Amino acid sequence: MLDHKILLTALLASSATLLAVTGQEDKLGFQDTPTLPGTEWHVHDGLRPQPPVVTPGASAGEAPSDATILFDGSSLDAWEGGPWELKDGVMTVNGTGQIQTKDSFGDCQLHVEWRSPLPKEGENLRGQGRHNSGVFLFGRYEIQVLDCFENRTYPDGMTGAVYGQEPPMANACLPAGEWQSYDILFQAPRFSEDGALESPAQVTVLLNGVALHHARTLLGATVYRNVASYAEHGEKGPIALQDHGNPVSFRNIWVRDLKRAR
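Numbered per mature numbering (1 follows the signal peptide of the UniProt record, and there is no 0), the sequence shown spans residues -20 to -1, 1 to 242.
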């Protein structure tokens, strides 16, 4: 009889734990935000299905001969804003604000390597608080940077998401302390002479060699807790890196201009 009581107690405890975990999962994001067009999901919806985990191969992208080098570890001359900390060939967010390129780019291929710091002793950061940053094309279209290795958050805010719009097709995030690489192909939106949108932006994103987005159409410029929309802008714009208050590091950043389709 005693064994049965112990078993029953264990089952009840397991059920309580499951309910508690389920309750936490329900609160990953929000259900009081607008519904994304063409979907059943809210912006930052924590109930949206989590992408499968994919283990990437280790590789680093060297700049091709026609690339514009934005950061090779020697200086921050290509950037304005900040300035961020530059040490041992790496630049690190230090709370001085976002930085952006002095030059502007249109349709482009962009390579960025980034690293989340190892957690400090006793530190238990979760969700959007685990080393958040972002790569912004035209200074307004964000590909999220976040440590999502064994870290759940709302899917359209995880590593490689088109923030607030589209989750990545996979979670290919490596553990904190390891270098990770984005390869991004971006086609800028087109506007008519009167400022009307003729064709939306599209983006293809690989994280550590794993495709996260393929010719993904963007709803507009990145916004928080709302549906994105477009506002007319020029054919070129800066590439920006976000200071979200976390010491994320970057290295080996280069870009190639791509010919605009006519």
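Beta carbons are placed, not taken as given, at the ideal position from N, Cα and C, and that holds for glycine. Keep in mind it's a predicted model, so treat the numbers as computed, not measured.
Helix, strand or coil at residue i [DSSP, three-state]
{"i": "aspartate 223", "result": "coil"}
{"i": "glycine 137", "result": "helix"}
{"i": "methionine 149", "result": "coil"}
{"i": "serine 229", "result": "strand"}
{"i": "aspartate 163", "result": "strand"}
{"i": "phenylalanine 10", "result": "coil"}
{"i": "glycine 157", "result": "coil"}
{"i": "glutamate 178", "result": "strand"}
{"i": "arginine 236", "result": "strand"}
{"i": "arginine 196", "result": "strand"}
{"i": "valine 23", "result": "coil"}
{"i": "tryptophan 94", "result": "strand"}
{"i": "serine 113", "result": "strand"}
{"i": "arginine 132", "result": "coil"}
{"i": "alanine 201", "result": "strand"}
{"i": "lysine 67", "result": "strand"}
{"i": "alanine 191", "result": "strand"}
{"i": "leucine -10", "result": "Any reading at leucine -10 must be qualified, since the residue scores a pLDDT of 46, below 50, and its modelled position is unreliable; no value is offered."}
{"i": "arginine 170", "result": "strand"}
{"i": "valine 185", "result": "strand"}
{"i": "glycine 62", "result": "coil"}
{"i": "serine 54", "result": "coil"}
{"i": "serine 45", "result": "coil"}
{"i": "alanine -1", "result": "Low local confidence applies: a pLDDT of 44 at alanine -1 is under 50, so the model's placement there is unreliable, and no value is given."}
{"i": "glycine 217", "result": "strand"}
Distance CB(residue i)-CB(residue j) smaller than 8 Å
{"i": "serine 45", "j": "valine 73", "result": "no"}
{"i": "glycine 217", "j": "tyrosine 210", "result": "no"}
{"i": "glycine 53", "j": "arginine 170", "result": "no"}
{"i": "phenylalanine 51", "j": "isoleucine 219", "result": "no"}
{"i": "asparagine 131", "j": "arginine 106", "result": "yes"}
{"i": "histidine 91", "j": "arginine 205", "result": "no"}
{"i": "lysine 82", "j": "tryptophan 64", "result": "no"}
{"i": "histidine 142", "j": "histidine 213", "result": "Position check: residue 142 holds valine in this sequence, whereas histidine was assumed. Cβ distance not < 8 Å, so valine 142 and histidine 213 don't count as in contact."}
{"i": "serine 161", "j": "glycine 41", "result": "yes"}
{"i": "alanine 156", "j": "proline 227", "result": "no"}
{"i": "valine 207", "j": "proline 14", "result": "yes"}
{"i": "alanine 168", "j": "glutamate 215", "result": "yes"}
{"i": "threonine 202", "j": "glutamate 122", "result": "yes"}
Cβ-heavy atom distance, residue i to the ligand FMN, below 7 Å
{"i": "alanine 156", "result": "Inclusion of the ligand FMN in the displayed structure is not the case, the ligand content being empty and no account of it being possible."}
Residue span of the beta strand (DSSP E) that contains residue i, given as start and end
{"i": "tyrosine 121", "result": "121 to 125"}
{"i": "threonine 48", "result": "48 to 51"}
{"i": "glutamine 30", "result": "Element bounds for glutamine 30: n/a, residue is neither H nor E."}
{"i": "threonine 35", "result": "From DSSP, threonine 35 is part of no beta strand (DSSP E); its letter is neither H nor E."}
{"i": "glutamine 80", "result": "79 to 81"}
Distance between beta carbons of residue j and residue i, contact taken as under 8 Å
{"i": "proline 180", "j": "proline 31", "result": "Actually they do not touch by this definition, with Cβ atoms about 23 Å apart."}
{"i": "tryptophan 159", "j": "alanine 43", "result": "The Cβ separation is near 16 Å, so there is no contact."}
{"i": "phenylalanine 166", "j": "cysteine 88", "result": "6 Å"}
Spell out a yes or no on whether the region 175 to 195 and the region 145 to 163 are touching, meaning 3 or more CB-CB pairs, one atom from each, closer than 8 Å. The region 175 to 195 vs the region 145 to 163: in contact.
Do the region 124 to 141 and the region 67 to 85 touch if we need at least three Cβ pairs shorter than 8 Å? In short, these stretches do not touch, since the Cβ pair count stays below three.
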